[in-house]
Amino acid sequence: MSAVLEVRDLKKSFGGISAVGGVSFEVHAGEILGIIGPNGSGKSTLFNCILGQLQPSSGEVRIDGKPITGMRPCDLNRLGVSRTFQLLQVFPQLSVRENLILAGQEHQGSMWSRLLGRRDAGLTTTANRMIEFFRLASVADERAGRLSYGQQKLLDAAMAFMAGPRLVLLDEPAGGVNPTMLADLRERLRTINDREGATFVVIEHNMEFVMSLCTRILVLAEGRLIAQGTPEAVRRDPKVIEAYFGN
Amino acid sequence: MTRARRLSGAIAALAVCAALVAAPFGLKPYGIYLLSLWAVMTIAAMGLNLTLGYAGQISLAQAAFVGIGAYTAAILTTQGWPFALAFVLSAALCFAIGWLLGYPALRVQHHYLAFVTLAFTTLVFLVLRNEEWLTGGIYGISGIPRPDVLGWSTGAPRDYYLFCLGMLGLVTLATGWLVRSPWGRAFMALRENPIRAASLGVDTRRYTLIAFALGAALGGIAGALYAPLVQFIDPTPFALGLSLNLLLMVLVGGSGFFFGPFLGALVSVLLPEWLRFTEGLYLLIYAAFVMALMAFCPSGLLGIAERLFRPAAKTDDAPATPAGKAAR
Chain A
1 MSAVLEVRDL
11 KKSFGGISAV
21 GGVSFEVHAG
31 EILGIIGPNG
41 SGKSTLFNCI
51 LGQLQPSSGE
61 VRIDGKPITG
71 MRPCDLNRLG
81 VSRTFQLLQV
91 FPQLSVRENL
101 ILAGQEHQGS
111 MWSRLLGRRD
121 AGLTTTANRM
131 IEFFRLASVA
141 DERAGRLSYG
151 QQKLLDAAMA
161 FMAGPRLVLL
171 DEPAGGVNPT
181 MLADLRERLR
191 TINDREGATF
201 VVIEHNMEFV
211 MSLCTRILVL
221 AEGRLIAQGT
231 PEAVRRDPKV
241 IEAYFGN
Chain B
1 MTRARRLSGA
11 IAALAVCAAL
21 VAAPFGLKPY
31 GIYLLSLWAV
41 MTIAAMGLNL
51 TLGYAGQISL
61 AQAAFVGIGA
71 YTAAILTTQG
81 WPFALAFVLS
91 AALCFAIGWL
101 LGYPALRVQH
111 HYLAFVTLAF
121 TTLVFLVLRN
131 EEWLTGGIYG
141 ISGIPRPDVL
151 GWSTGAPRDY
161 YLFCLGMLGL
171 VTLATGWLVR
181 SPWGRAFMAL
191 RENPIRAASL
201 GVDTRRYTLI
211 AFALGAALGG
221 IAGALYAPLV
231 QFIDPTPFAL
241 GLSLNLLLMV
251 LVGGSGFFFG
261 PFLGALVSVL
271 LPEWLRFTEG
281 LYLLIYAAFV
291 MALMAFCPSG
301 LLGIAERLFR
311 PAAKTDDAPA
321 TPAGKAAR
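Line by line, the protein sequences give chains A and B.
Here the first sequence is numbered in the numbering used here, starting from 1 and rising by one per residue.
Here the second sequence is numbered in the numbering used here, starting from 1 and rising by one per residue.
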């Protein structure tokens, strides 16, 4: 198995505070990797450093063996790396369908064809398929800002898949989503993983969600990796229990 | 339902076009001048609406681009250059300068960007006033000729108005195409959430620069039409006041609404005339009107129309607008 994503000794500090203190791991093709850890353990900072929203203080990130440290988010996205954010991030004034088309359009054709070519950049079919798949058909032409929170969360996730990415980093996809919709979301993610072989990295606080979705889990505490393994192994690891509950 | 709506929209648009073409035949030259000024200012405000309303980049530099366009056209046509060439060069020059002015926007946003662009307007004004060898300084440039278009002389007020109206039509079609293309979608994404947009592959740097450059180019086009309209230009009209005025046109009409600048420019050009009988009170009334509008409906006149015709409104542009016009 080859590593789709490799992170080596990644460090990030803000002033004198070390948010991520030397984290290394690999993600293999087709894997669903979970990253858990108490609040403030550096999970989102780690994501932001991997994906170029933040510049890491030191360390290296590779995609398919190619160094991408410090690459701009938009260039990274066009390499097939996609993400969602912890806080909901849809474009509220655009319709659901427009949100999805936007999420795919920069992967189609050239800058000129995007001006002079088709309005939908040839993506209406893909967008409609995604709308069907994430059960958003009833609101497809609504402005995204008028959807319920859960629906917006589904749209947010759907957008991350519009361009057929190989690697998707999801930052708390379950946050604020009701249990029924959550089960739905888990099914969708599993299906995409099975069908298209997309690789996922998921940050999550909802233990049940992350344990039932992921094949392998990393545990972060105070910016360091303190444990990793299968969901069962991690659940029983005393270091993990200590990090969450103290001793 | 939507087909009926589209049809009524098309009929309303045709009626408005017909009225605009017929308008000068019942008007005195001053009325025709005001209508021509409306067409020209609408083009400039459309440019600002692109930069501000769609791409979300505040700019107080639009007057500077109108000035650059006007002086480029004036200098070249009084030297005997053909208008068409001067016109294209005005737009191209403003596009290039607008692109450069976009760089600060990559570093600063909101009120900081407002100050950067404000300084640019002042800078251009000073150049127009002080570089006498090029611009004629405070004496300005007179005798700016009106063009012949394919053998049609636009010298008379009515003819020049129709020429401006035709240009406004072309600009409207081109801009309408643009905002509905993926570029327009990327502009709106830039306005609403640049970080998310970048994570979806939108090259926010490039789109920011394009938004500035295209907005500036429309300012230049407006300037190149303004110079032959008034036939004499000096630096005064291109000071900061015009930038603020254009900003108000965009906000009053409805920032981010495609037809917002048409209404905004109409209010800004015609209201002083209608309120002329109030003499000194005009500015007070206009200010009170703008304050009330911004306090109760910051999305402008078309925002009000959209509230009234909510079911029609899906996205930020066209569908709400014919209804908005009809309501007026």
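C-beta atoms are modelled at their ideal positions from N, C-alpha and C, and glycine is treated no differently.
The model shown is predicted, which means the values in this text are computed figures rather than measured ones.
The three-state secondary structure of A/Gln228, taken from DSSP, is strand.
In this structure, A/Leu170 places its C-beta atom within 8 Å of the C-beta atom of A/Val202. The Cβ atoms of B/Gly67 and B/Gly215 do not sit closer than 8 Å to each other. Within chain B, no C-beta atom comes less than 7 Å from the C-beta of A/Glu196; the nearest is roughly 18 Å away.
Here the alpha carbon of A/Val234 sits roughly 22 Å from the alpha carbon of A/Asp9. Chain-ordered, the chain A residues with CB closer than 8 Å to the CB of B/Ala189 read Phe91, Leu94 and Leu102. Exposure of B/Met291 is indicated by the presence of fewer than 16 other C-beta atoms within 10 angstroms of its C-beta. Membership of B/Arg146 in any alpha helix (DSSP H) is not indicated, and neither H nor E is assigned to it by DSSP. At least 8 Å separates the beta-carbon of B/Leu209 from that of B/Gly254. When DSSP reads this structure, B/Trp152 sits in a beta bridge with B/Val149.
Linking B/Val179 to B/Arg185 through their CA atoms gives a straight-line distance of about 7 Å. Neighbours of A/Arg119 across chain B, judged by C-beta separation under 8 Å: Arg180, Ser181 and Pro182. If you check each beta-carbon in the stretch 113 to 137 of chain A against every beta-carbon of chain B, the ones closer than 7 Å belong to Arg114, Leu115, Arg119 and Ala121. Taking a cut-off of 8 Å for Cβ pairs, the stretch 217 to 227 of chain B and the stretch 267 to 282 of chain B do not touch, as fewer than three such pairs fall below it. B/Leu308 has a beta carbon lying at 8 Å or more from every beta carbon in chain A. When C-alpha distances from B/Ser36 are compared across B/Gly102, B/Ile195, B/Ala156 and B/Ala288, the shortest belongs to B/Ala156. When A/Phe161, A/Glu204 and A/Cys214 are compared, the shortest CA-CA separation from A/Thr126 is found for A/Phe161. According to DSSP, residue pairing for A/Arg8 in a beta bridge involves A/Glu60.
The bridge partners DSSP lists for B/Gly303 come to none. By the Cβ rule, the stretch 251 to 268 of chain B counts as touching the stretch 37 to 47 of chain B, because three or more pairs are nearer than 8 Å. Residue-level contact by beta carbon fails for B/Ser255 and chain A, as no gap is shorter than 8 Å.
Of the other Cβ atoms in all chains shown, 16 or more fall within 10 Å of the Cβ of B/Gln57; this residue is therefore buried. In chain order, Val116 place their CB closer than 7 Å to the CB of B/Val108, counting only its own chain and leaving out the 5 sequence neighbours on each side. Secondary structure of A/His28 (DSSP, three-state): strand.
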